[in-house]
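Counting from 132, one number per residue, gives the positions in the sequence shown under my numbering.
For every residue, glycine included, the Cβ atom is placed at its ideal position computed from N, Cα and C.
Computed from a predicted model, the values in this text were never measured in an experiment.
Just below is one structure, and these are the notes that go with it.
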Amino acid sequence: MTERQAPQARQKDRPWLMRTYAGHSTAEASNELYRRNLAKGQTGLSVAFDLPTQTGYDADHILARGEVGRVGVPVSHLGDMRRLFQDLPLDQMNTSMTINATAMWLLALYQVVAEEQGVDITRLQGTTQNDIVKEYLSRGTHVFPPGPSLRLTTDMIAYTVSHIPKWNPINICSYHLQEAGATPVQEIAYAMSTAMAVLDAVRDSGQVPEERMGDVVARISFFVNAGVRFVEEMCKMRAFGRIWDQVTRERYGIENPKQRRFRYGVQVNSLGLTEAQPENNVQRIVLEMLAVTLSKDARARAVQLPAWNEALGLPRPWDQQWSLRIQQVLAHESDLLEYEDIFAGSHVIEEKVSALVDDSFAEMARIEEMGGAMAAVESGYLKAQLVASHAERRARIESGEEKIIGVNIFETTEPNPLTADLDTAIQTVDPAVENRVIEALGTWRDTRYQPPFNHPRPCKALEKLKEAAKGPDNLMEATLECARAGVTTGEWAGALREVFGEYRAPTGVSSAPVAVPAEAGSAMAGVRARVDATARDLGVGKLRFLVGKPGLDGHSNGAEQIAVRARDAGFEVVYQGIRLTPEQIVDAALAEDVHAVGLSILSGSHAQLVPDVLDRLREAGAHDIPVIAGGIIPGADAELLKSAGVAAVFTPKDFDITGIIGRIVDEIRTANKLDPLEVPA
Numbered sequence: 132m133t134e135r136q137a138p139q140a141r142q143k144d145r146p147w148l149m150r151t152y153a154g155h156s157t158a159e160a161s162n163e164l165y166r167r168n169l170a171k172g173q174t175g176l177s178v179a180f181d182l183p184t185q186t187g188y189d190a191d192h193i194l195a196r197g198e199v200g201r202v203g204v205p206v207s208h209l210g211d212m213r214r215l216f217q218d219l220p221l222d223q224m225n226t227s228m229t230i231n232a233t234a235m236w237l238l239a240l241y242q243v244v245a246e247e248q249g250v251d252i253t254r255l256q257g258t259t260q261n262d263i264v265k266e267y268l269s270r271g272t273h274v275f276p277p278g279p280s281l282r283l284t285t286d287m288i289a290y291t292v293s294h295i296p297k298w299n300p301i302n303i304c305s306y307h308l309q310e311a312g313a314t315p316v317q318e319i320a321y322a323m324s325t326a327m328a329v330l331d332a333v334r335d336s337g338q339v340p341e342e343r344m345g346d347v348v349a350r351i352s353f354f355v356n357a358g359v360r361f362v363e364e365m366c367k368m369r370a371f372g373r374i375w376d377q378v379t380r381e382r383y384g385i386e387n388p389k390q391r392r393f394r395y396g397v398q399v400n401s402l403g404l405t406e407a408q409p410e411n412n413v414q415r416i417v418l419e420m421l422a423v424t425l426s427k428d429a430r431a432r433a434v435q436l437p438a439w440n441e442a443l444g445l446p447r448p449w450d451q452q453w454s455l456r457i458q459q460v461l462a463h464e465s466d467l468l469e470y471e472d473i474f475a476g477s478h479v480i481e482e483k484v485s486a487l488v489d490d491s492f493a494e495m496a497r498i499e500e501m502g503g504a505m506a507a508v509e510s511g512y513l514k515a516q517l518v519a520s521h522a523e524r525r526a527r528i529e530s531g532e533e534k535i536i537g538v539n540i541f542e543t544t545e546p547n548p549l550t551a552d553l554d555t556a557i558q559t560v561d562p563a564v565e566n567r568v569i570e571a572l573g574t575w576r577d578t579r580y581q582p583p584f585n586h587p588r589p590c591k592a593l594e595k596l597k598e599a600a601k602g603p604d605n606l607m608e609a610t611l612e613c614a615r616a617g618v619t620t621g622e623w624a625g626a627l628r629e630v631f632g633e634y635r636a637p638t639g640v641s642s643a644p645v646a647v648p649a650e651a652g653s654a655m656a657g658v659r660a661r662v663d664a665t666a667r668d669l670g671v672g673k674l675r676f677l678v679g680k681p682g683l684d685g686h687s688n689g690a691e692q693i694a695v696r697a698r699d700a701g702f703e704v705v706y707q708g709i710r711l712t713p714e715q716i717v718d719a720a721l722a723e724d725v726h727a728v729g730l731s732i733l734s735g736s737h738a739q740l741v742p743d744v745l746d747r748l749r750e751a752g753a754h755d756i757p758v759i760a761g762g763i764i765p766g767a768d769a770e771l772l773k774s775a776g777v778a779a780v781f782t783p784k785d786f787d788i789t790g791i792i793g794r795i796v797d798e799i800r801t802a803n804k805l806d807p808l809e810v811p812a
């Protein structure tokens, strides 16, 4: 018998870029974290900025209270950006920056730091997220109205194509759409409609010659979400690529197939991570990663994974390392990268992809009929659709139709050693950091035009920026001049606020359909009866409930779902959207004569902002208005809030929204010294 000849080994594909979304406290602390992560084998940087930086405020602004350095790194000026990338050669980095409304400003700071390093800026590689549409719909860090926001994006794209040709100036971001409840069809259709609005604006601006539109399309990247239904998610990615190829060829006439390639990075789903039995999040993350890596023809170019404990609080460096190692095991130990696309020829996959393509094109056509993505934002259509989809998902979980292990099925568990000491199971940010950042900011303002910095006085640069904003000029050059002059983030955004104004996006709450009807015998019917009975006992037509989001946290999904369910239970709901000061919330509570206040915060600023609301209500004599808090709130913090006077605290493990509304009714009765009420369902 002759010995079988071993098949010739196929050259392995290169792994995707491996990133960890990171940044906190200060530029110095984040720089140290980046260098440690790169030493562990991370191949790209992914910078998380704090909420004041994302929304164009300096650390000492009233709205920045409690938010400085919480969910990312504060970057207030060129000095901060220098320290953030100290000893990191930017011509060798591939840097992703999750920044949107202030993307132009952060790119300008990055470019100037690169110039100071002696780097040829044409060699810079990376991505600025810069997708403002999804901020209006889901994440809430928008600043300016849609028109001026689109102009900032357009100007950045035109500038980078000519000056930083390897940079991705926009990352069309469907990730947060899924977090806000989007179905796969909505995720595809809304992201594609956004991309079309951006490309139309660049084409129509006259800043890029028609023959260079292929270069623009080639630098458009996408940032997507991958949920635990990994077969459907993989099909979604194939559908994305097929639609993008058709749109860029037919709508924009791009003939080069390399320029039409769908280029995307991914962070797998955080919406599905649970506080209950959080160890289950590890297998969820692995399955979700497979959705964007198994299929070679639809494989992500960059992947970043959340950590198992993100539903509990800020992950520690060890938790981030665990997520990085998950990627490395798949890429370097398995045989995944040795094969062509393993789904090629599957009729099951093809049928699912075709259905997603057809349904997505139909939804894109509806948006086009409305005037495009920007018009659909301003009309409230897109937001209302997402709120409705999310409400339907929550209802499926509560009914048990959609099963979540450890939440609504298989809830019994052994004691968890990973969370035995919850205070050490997550990263905490020293509250004193905020004061140190504010103090350093004051020093910068006082000394920026003195040695050793010798920046020119910032007022001239800011006046030039405002003049450019009033006219048709590209805003990038004026922004670069501001960066070189030592202007701060708040000063740059403040100058543009003077010209462009600010924008409060539609909430989608009032137009969302009923998700959980009050059918006879249902839990909702029982809660509605208790709401009506309590209103009668208080001698009012309806109970009034204010839902408020203090601070800069724009993740409004939870607040919206509470507001919609309270409305369906018979409350008159007061919900004014995101980004409110404690003063504004208390003023609204008094003006509307509400019976309860619900505060939603996911950024970690609850420890400072919630007690502030309580104090102001007491000062106003409103002792009978119970305050309920919800968000990612560690157990120790929850106890502190309760001792400060908060009536109840709800976290992601409390998935029964109808039950939460019932608890709010109980707290109203207790605060008004009414007897406990049991109304048969």
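Residue of the options minimising C-alpha distance to residue i
| i | options | result |
| --- | --- | --- |
| ALA719 | GLY679, VAL178, GLY735, ARG382 | GLY679 |
| GLU622 | ARG527, LEU209, SER269 | LEU209 |
| ASP785 | ALA769, GLY761, LYS773, LEU771 | GLY761 |
| ALA370 | TYR395, ALA349, VAL348 | TYR395 |
| ARG196 | ALA609, VAL292, PRO183 | PRO183 |
| GLU500 | LEU194, ALA328, THR801, TYR267 | ALA328 |
| ASN231 | ALA179, ALA431, ALA651 | ALA179 |
| ASP797 | ASP787, ALA779, PRO783 | ALA779 |
| THR789 | ARG628, PRO220, ASP699 | ASP699 |
| PRO277 | TYR634, GLY766, THR665, ILE709 | TYR634 |
| ASP787 | LEU593, ARG525, VAL640 | ARG525 |
Buried/exposed call for residue i, threshold 16 Cβ in 10 Å
| i | result |
| --- | --- |
| PHE541 | exposed |
| PHE584 | exposed |
| ARG145 | exposed |
| ASN387 | exposed |
| PRO587 | exposed |
| THR555 | exposed |
| GLU406 | buried |
| ASN162 | buried |
| MET132 | Residue placement at MET132 is poorly supported in this model, since its pLDDT is 44, which falls under 50; the coordinates still yield a value, given next. With fewer than 16 other Cβ atoms within 10 Å, it is exposed. |
| GLU266 | buried |
| ILE193 | exposed |
| VAL705 | buried |
| PRO811 | Bear in mind that a pLDDT of 47 at PRO811, under 50, signals an unreliable position, so the model cannot answer this. |
| VAL518 | buried |
| GLU565 | buried |
| TRP439 | buried |
| PRO205 | buried |
| GLY672 | exposed |
Proximity of residue i and residue j at Cβ, strictly below 9 Å
| i | j | result |
| --- | --- | --- |
| VAL423 | VAL264 | no |
| SER401 | GLU441 | yes |
| ARG201 | SER734 | yes |
| ILE851 | ALA660 | The structure shown does not extend to residue 851, since the chain is modelled only from 132 to 812, so the question has no answer here. |
| ALA349 | GLN309 | no |
| THR272 | MET228 | no |
| ARG667 | ASP724 | no |
| VAL399 | ALA357 | yes |
| ALA493 | PRO644 | no |
Supposed contact pair residue j and residue i - C-beta distance, whole angstroms, cut 8 Å
| i | j | result |
| --- | --- | --- |
| MET495 | MET235 | Not confirmed; about 28 Å, so no contact. |
| GLN458 | MET212 | At roughly 28 Å, the Cβ-Cβ gap does not stay under 8 Å, so GLN458 and MET212 are not in contact. |
| ALA160 | ASN605 | Not confirmed; about 35 Å, so no contact. |
| LEU468 | ALA462 | 7 Å |
| ALA239 | THR610 | 5 Å |
| ALA624 | THR233 | 6 Å |
| GLU691 | THR638 | 7 Å |
| CYS366 | LYS483 | 4 Å |
| MET323 | ILE252 | Their Cβ separation, rounded to whole angstroms, is 31 Å, which puts MET323 and ILE252 out of contact at 8 Å. |
| PHE353 | PHE393 | 7 Å |
| LEU740 | ILE557 | 19 Å between Cβ atoms; not a contact. |
| THR766 | LEU572 | Per the sequence shown, residue 766 should be read as Gly rather than Thr. In fact, because the Cβ distance is near 33 Å, the residues do not count as touching under 8 Å. |
Residue i beta carbon near the ligand ZN (any heavy atom closer than 8 Å)
| i | result |
| --- | --- |
| ILE319 | This structure lacks the ligand ZN, and indeed carries no ligand of any kind. |
What residue ranges within the stretch 340 to 375 form continuous beta strand (DSSP E) runs of no fewer than 3 residues, ordered along the chain? 351 to 357
Ignoring anything shorter than 4 residues or poking outside the stretch 686 to 736, list the alpha helix (DSSP H) runs there in chain order. 688 to 699, 713 to 722
Would you mind listing the alpha helix (DSSP H) stretches within the stretch 564 to 634 that are 4+ residues and don't spill past its ends, in chain order? 589 to 601, 607 to 615, 620 to 631
Along the chain, which unbroken stretches of the beta strand (DSSP E) at least 3 residues long are found entirely within the stretch 262 to 296? none
What are the complete beta strand (DSSP E) segments, minimum 3 residues, inside the stretch 381 to 407? 395 to 399
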